[in-house]
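Whatever position you read off the sequence shown (first residue = 1), add 396 for this note's numbering.
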Amino acid sequence: VGVTLEELELANPVDAADGETFAQELWARRQRRGITLREARARVKDPMYHGLLMLRAERADALVAGAEMYYPDAIRPALEVIGAAPGRKHVSGIYMLVFPQQTFFFADCTVNIDPDAETLAEIASATAQFVGRLGIEPRVALLSFSNFGSVKHPAADKVRRAVALLHEHEPALQADGELQADAAVVDRILTRTYPFARLRSAANVLIFPNLDAANSAYKLLDRLGGAQAIGPILVGMARPVHLLQRGSEVNDIVNMAVIAAVDAQEHGRQHRSRP
Numbered sequence: 397v398g399v400t401l402e403e404l405e406l407a408n409p410v411d412a413a414d415g416e417t418f419a420q421e422l423w424a425r426r427q428r429r430g431i432t433l434r435e436a437r438a439r440v441k442d443p444m445y446h447g448l449l450m451l452r453a454e455r456a457d458a459l460v461a462g463a464e465m466y467y468p469d470a471i472r473p474a475l476e477v478i479g480a481a482p483g484r485k486h487v488s489g490i491y492m493l494v495f496p497q498q499t500f501f502f503a504d505c506t507v508n509i510d511p512d513a514e515t516l517a518e519i520a521s522a523t524a525q526f527v528g529r530l531g532i533e534p535r536v537a538l539l540s541f542s543n544f545g546s547v548k549h550p551a552a553d554k555v556r557r558a559v560a561l562l563h564e565h566e567p568a569l570q571a572d573g574e575l576q577a578d579a580a581v582v583d584r585i586l587t588r589t590y591p592f593a594r595l596r597s598a599a600n601v602l603i604f605p606n607l608d609a610a611n612s613a614y615k616l617l618d619r620l621g622g623a624q625a626i627g628p629i630l631v632g633m634a635r636p637v638h639l640l641q642r643g644s645e646v647n648d649i650v651n652m653a654v655i656a657a658v659d660a661q662e663h664g665r666q667h668r669s670r671p
């Protein structure tokens with residue numbers, strides 16, 4: 397990528413000059429959540445916390461971390477230090493599935509186990525926003541085992557309510573459901589069977605009803621379906637934070653660094669445009 401080690405600033409959190417400043421800031425944020433100043437001083441020596449506090453202090457533009465951590469242990473500090481973006485209540489994880497002829501975006505693959513309708517609508521909105529930032533027009537399908545009311549069941553009703561919320565708050569977005577997966581991704585099925593759908597062509601953004609479905613789907617396509625899985629891409633955060641899966645390989649880390657750089661550029665543009 398054309399970067400040399402001489403251009404990098406290396407920070408050692410164990411003896412960093414800003415350690416006490418970061419400890420005081422962390423303690424101020426978490427003192428009513430059970431953290432003492434002594435614990436804060438210990439935590440800022442951890443690379444994860446130190447990197448997040450550097451990001452919060454705008455001494456870094458983005459953070460990529462977690463290759464040697466379990467995902468829940470990595471996302472917890474991110475939520476404690478950075479938190480969700482203004483106007484967002486939840487964060488979620490996207491996987492980009494790259495096939496030879498097309499690319500799909502799956503969510504939520506990593507964070508929300510059983511989202512309610514409101515959370516599902518927010519996941520869809522945040523995912524579509526991210527895809528748009530990549531210069532790709534998002535076409536969003538909210539998936540179910542039902543097609544537009546064909547099955548009466550609480551699980552399908554949840555997805556239907558999420559779609560209604562999405563239509564209410566983002567009427568210009570190409571999004572619809574509830575849809576079965578084949579109807580969502582096969583243009584012929586979608587347009588012939590459901591010509592009334594707000595999707596003008598097959599979806600490229602697939603929002604799953606729960607973490608079981610999303611996590612299993614991306615892993616199956618990665619291992620058996622010939623797709624290259626890039627992620628998890630964390631969306632809805634106040635600053636660009638992207639967490640790797642434990643045991644990520646070099647290509648995974650490089651891909652996430654590129655995503656983080658794009659995210660940081662967009663975050664910088666939004667920050668500069670604020671009054």
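A virtual CB, placed ideally from N, CA and C, is assigned to each residue, including glycine.
Spatially closest choice to residue i from the options, by CA coordinates
i: Arg426; options: Arg472, Glu476, Asp469; result: Glu476
i: Asp351; options: Arg472, Asp442, Gly483, Pro605; result: In the structure as shown, the chain starts at 397 and stops at 671, and residue 351 therefore has no counterpart that could be examined.
i: Gly664; options: Val582, Val654, Asn651, Arg635; result: Arg635
i: Val494; options: Ser597, Gln624, Val658, Asp583; result: Gln624
i: Pro534; options: Gln525, Phe541, Gly627; result: Gln525
i: Leu539; options: Thr515, Ala593, Ala577; result: Ala577
i: Met492; options: Thr506, Gln570, Glu402, Arg472; result: Thr506
i: Ile519; options: Gln570, Ala593, Ala660, Asp504; result: Asp504
i: Thr432; options: Gln420, Ala560, Lys485; result: Gln420
i: Val581; options: Ala568, Phe592, Arg596; result: Arg596
i: Glu454; options: Ser644, Ala470, Phe418; result: Phe418
i: Val658; options: Val637, Ser644, Glu402; result: Val637
i: Pro443; options: Val555, Lys485, Pro550, Met465; result: Met465
Secondary structure of residue i, DSSP reduced to three states
i: Glu574; result: strand
i: Leu639; result: strand
i: Leu562; result: helix
i: Arg596; result: coil
i: Gln498; result: coil
i: Gly621; result: coil
i: Val348; result: Lying outside 397 to 671, the shown extent of the chain, residue 348 is not represented and no answer is given.
i: Ser521; result: helix
i: Ile655; result: helix
i: Arg529; result: helix
i: Ser612; result: helix
i: Ala503; result: strand
8 Å Cβ cutoff met for residue i and residue j
i: Arg529; j: Glu662; result: yes
i: Ala599; j: Val536; result: yes
i: Ile631; j: Thr523; result: At residue 631 the sequence reads Val, which differs from the Ile that was named. Yes, these two residues count as a Cβ contact at 8 Å.
i: Phe544; j: Tyr590; result: yes
i: Gly447; j: Ala461; result: yes
i: Leu620; j: Ile509; result: no
i: Ala571; j: Arg588; result: no
i: Asp457; j: Ala660; result: yes
i: Glu566; j: Ser521; result: yes
i: Ala470; j: Met633; result: no
i: Leu639; j: Pro628; result: yes
i: Glu514; j: Leu561; result: yes
i: Gly479; j: Val440; result: no
Rounded C-alpha distance that separates residue i from residue j
i: Gly489; j: Arg642; result: 15 Å
i: Ser546; j: Leu575; result: 10 Å
i: Phe502; j: Pro468; result: 19 Å
i: Leu459; j: Val601; result: 25 Å
i: Asn408; j: Ala438; result: 14 Å
i: Met450; j: Ala463; result: 19 Å
i: Asn647; j: Asp512; result: 34 Å
i: Ile585; j: Ala579; result: 5 Å
i: Leu422; j: Gly430; result: 12 Å
i: Ile603; j: Leu516; result: 8 Å
i: Gln497; j: Val650; result: 22 Å
i: Gly573; j: Val410; result: 51 Å
i: Thr499; j: Gly531; result: 13 Å
i: Asn611; j: Asp618; result: 11 Å
i: Phe541; j: Gly622; result: 24 Å
i: Val559; j: Ile626; result: 26 Å
i: Met652; j: Glu645; result: 11 Å
i: Asp583; j: Arg452; result: 44 Å
i: Leu406; j: His549; result: 54 Å
i: Glu435; j: Tyr445; result: 12 Å
i: Glu402; j: Phe592; result: 58 Å
i: Ala656; j: Arg472; result: 19 Å
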